[in-house]
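Residues 5 to 199 (our numbering) are what the sequence shown spells out, left to right.
We treat Cβ as the ideally placed atom computed from N, Cα and C, and that holds for glycine.
This report refers to the structure that appears directly beneath it.
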Amino acid sequence: MARNLDFAPVESRITSELIECINFSAIKHKDQRRKDPEETPYINHPIGVAFILTNEAKITDLNVIKAAVLHDTVEDTETTLDEIEQIFGQRVRDIVNEVTDDKYLPKEERKQLQIIHAPGCSREAKLVKLADKLYNLRDLERSTPMGWSDLRVQEYFEWSKKVVEGLRGTNSALEAELDKLFAKRLNVNNTTNKL
């Protein structure tokens with residue numbers, strides 16, 4: 005895809021690149037829905053992850069923001085890493101690759117590998133992972149996905165906490181927000197278990 009942005013003002017180039025990225029992700033996720041009762045369009049999730057990065061974590065690195073918008077395209081659609089690289093560059097590809105699970109592995113193995121690999125991720129990938137976890141946990145607080153029991157929600161929180169432990173030291177604002185959610189969930193759960 006040829007771009008004639010070499011002489012465009014910086015703001016215009018950044019806006020154009022970001023809109024191209026959002027459009028690409030929207031097309032790739034066009035038939036997907038979230039698992040909430042409202043079945044919200046899936047594209048809300050990657051855009052929300054990018055919003056968390058820019059507004060709460062104060063991230064301005066365009067490659068990180070693009071990777072956030074694209075973070076589920078390889079894992080959840082037919083998109084390839086080569087396609088990501090061709091359109092968005094090597095650095096975006098590398099970040100997306102770091103946050104992408106191998107969809108051919110069993111779910112429990114993928115979840116365990118996220119815990120194991122989290123500490124070794126680049127700072128950029130850690131930022132995307134933190135924002136992704138924060139978005140998903142807030143979503144779970146707002147609404148239980150269709151077909152999920154309270155136990156499954158609790159297990160997701162516990163697993164997410166293990167992943168986040170390996171991401172610590174990356175962004176204090178995101179980590180503080182995650183800690184609030186973990187504390188709330190643990191306190192509610194501990195109170196329930198003691199009754």
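Query, Result
"Judging by CA-CA distance, which residue of Arg127, Gly93, Asn27, Leu66 is the nearest neighbour of Val103?", "Arg127"
"Nearest to Glu89 by alpha carbon, out of Glu181, Ser164, Asp98?", "Asp98"
"May I have a chain-ordered list of the beta strand (DSSP E) segments no shorter than 3 residues that lie completely inside the region 16-68?", "none"
"Express the C-alpha separation of Leu57 and Ile18 in angstroms, rounding to a whole number.", "16 Å"
"What is the rounded straight-line gap between the Cα of Asp105 and the Cα of Glu112?", "11 Å"
"For Thr81, collect the residues of the same chain with a Cβ closer than 7 Å to its Cβ; drop the 5 residues on either side in sequence, then sort them by chain order.", "Lys32, His33"
"What would DSSP say about Ser176, mapped onto helix, strand or coil?", "helix"
"Do Tyr160 and Leu144 count as a contact pair if the criterion is CB distance below 8 Å?", "yes"
"Please classify Pro50: is it buried, with 16 or more other beta-carbons within 10 angstroms of its beta-carbon, or exposed?", "buried"
"Would a C-beta distance cut-off of 8 Å place Leu109 and Lys137 closer than the cut-off?", "no"
"Starting from Ser164, follow the alpha helix (DSSP H) in both directions and report where the run begins and ends.", "154-169"
"Just to confirm my understanding: we take Val214, look at its own chain, exclude 5 residues before and 5 after, and list those with CB closer than 7 Å. What are they?", "Outside the modelled stretch of the chain, which goes from 5 to 199, sits residue 214, for which no answer is possible."
"Cutting at 7 Å between CB atoms, please list the residues of its own chain near Ile63, excluding the five before and the five after it.", "Leu57, Ile69, Leu131"
"Please report the distance separating the alpha-carbon of Val212 from that of Leu141.", "Outside the displayed range of the chain (5 to 199) lies residue 212, so it cannot be described from this structure."
"Please state if the CB of Leu74 and the CB of Val96 are separated by a distance shorter than 8 Å.", "yes"
"Between the region 34-54 and the region 144-153, do three or more beta carbon pairs fall short of 8 Å?", "yes"
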